[in-house]
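Engineer: Quick one: the structure is below, questions incoming.
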Amino acid sequence: GEDVEQSLFLSVREGDSSVINCTYTDSSSTYLYWYKQEPGAGLQLLTYIFSNMDMKQDQRLTVLLNKKDKHLSLRIADTQTGDSAIYFCAETVASNYQLIWGAGTKLIIKP
Amino acid sequence: ETGVTQTPRHLVMGMTNKKSLKCEQHLGHNAMYWYKQSAKKPLELMFVYNFKEQTENNSVPSRFSPECPNSSHLFLHLHTLQPEDSALYLCASSQGLAGTSNTGELFFGEGSRLTVL
Chain A
213 GEDVEQSLFL SVREGDSSVI NCTYTDSSST YLYWYKQEPG AGLQLLTYIF
263 SNMDMKQDQR LTVLLNKKDK HLSLRIADTQ TGDSAIYFCA ETVASNYQLI
313 WGAGTKLIIK P
Chain B
31 ETGVTQTPRH LVMGMTNKKS LKCEQHLGHN AMYWYKQSAK KPLELMFVYN
81 FKEQTENNSV PSRFSPECPN SSHLFLHLHT LQPEDSALYL CASSQGLAGT
131 SNTGELFFGE GSRLTVL
């Protein structure tokens, strides 16, 4: 079946760039998403990319999509303490229009 | 007022209890969802409602019973749960079903933390 995988933890120093990686298995994905979950809160859409795009940039966020390798990444430039959260990768599968989720990457910011 | 509101935020119940989780969305969306979130595991989709009609039931045990009286309200009725059902239960809504003609953005509530003793 469809699967989305991501590392459970990432630790970076404040001011550095964070790169969160995700791999997926379904080549028929239409949209791929990054959601952010802050402590004690629900998930919030951070950004998304359509499957025919390679890159999307939005202020400090850069999303890269490599369809050949089925690899998605989220780069956060100049990481701040407010970026501490769990980041979820998700894809939409064309066959059933459901979202397939990764387990989330907890971003830890070191001073 | 937040877009998607869930109550209660925390719930502790015994295995023989009956309780309900409530979700209300003020966004005018047509689709509503229940997800189960367990630590270090992907979100598990439980139920989907579109225009009050249930469109998905992902093999969820019958001890979980959803109810959607209208497009703005969603309930999850809980009965004779097991300790492994302890988790964060998230409600979400979207304008159309995820992955259809729109970008499929889901709007989540803050969740109901359930502990089954």
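Chains as they are written, first to last, in the working numbering: chain A, 213 to 323; chain B, 31 to 147. Beta carbons: idealized from backbone N, C-alpha and C, even for Gly.
(1) Using the beta-carbon of each residue, which ones in chain A are nearer than 8 Å to E140(B)?
(2) Using CA coordinates, which residue listed in T237(A), G227(A), E303(A), Q256(A) is at the minimum distance from R287(A)?
(3) Using only the alpha-carbon positions, how far apart do S89(B) and S95(B) sit?
(4) Of all the options W246(A), M265(A), I320(A), which has the alpha carbon lying nearest to the alpha carbon of V216(A)?
(5) Quick check on A117(B) - is its C-beta less than 8 Å from some C-beta in chain A?
(6) Could you tell me the alpha carbon to alpha carbon distance between C53(B) and E97(B), rounded to whole angstroms?
(7) Is the separation between the beta-carbon of L257(A) and that of E83(B) shorter than 8 Å?
(8) Nearest-angstrom Cα distance between Q100(B) and T291(A)?
(9) In the structure shown, what three-state DSSP assignment does E97(B) receive?
(10) Could you name the residues of chain B that A315(A) contacts, counting a contact when the two beta carbons are closer than 8 Å?
(11) Between A61(B) and chain A, is any beta-carbon pair separated by less than 8 Å?
(12) Answer with yes or no whether the minimum CB distance from L257(A) to chain B is below 8 Å.
(13) So, with DSSP's three-state summary, where would you put T259(A)?
(14) Using the beta-carbon of each residue, which ones in chain A are nearer than 8 Å to L144(B)?
Structural biologist: According to the structure data:
(1) Scanning chain A for C-beta atoms nearer than 8 Å to the C-beta of E140(B) yields G252, A253, G254, reported in chain order.
(2) Per the Cα distances, G227(A).
(3) Roughly 12 Å between the two C-alpha positions.
(4) Answer by Cα proximity: W246(A).
(5) It does not: the Cβ of A117(B) has no partner Cβ on chain A nearer than 8 Å.
(6) Whole-angstrom Cα-Cα distance: 10 Å.
(7) Between L257(A) and E83(B), the C-beta gap is not smaller than 8 Å, which leaves the two residues out of contact.
(8) According to the sequence displayed, residue 100(B) carries Asn and not Gln. In a straight line, the C-alpha of N100(B) is about 42 Å away from that of T291(A).
(9) Three-state DSSP puts E97(B) in a strand.
(10) Within chain B, the residues near A315(A) are K70, K71, P72.
(11) Look at A61(B): its C-beta is not under 8 Å from any C-beta on chain A.
(12) Output row for L257(A): interface = yes.
(13) Three-state DSSP puts T259(A) in a strand.
(14) Under the 8 Å cutoff, chain A gives no residues; its nearest Cβ is about 15 Å from L144(B).
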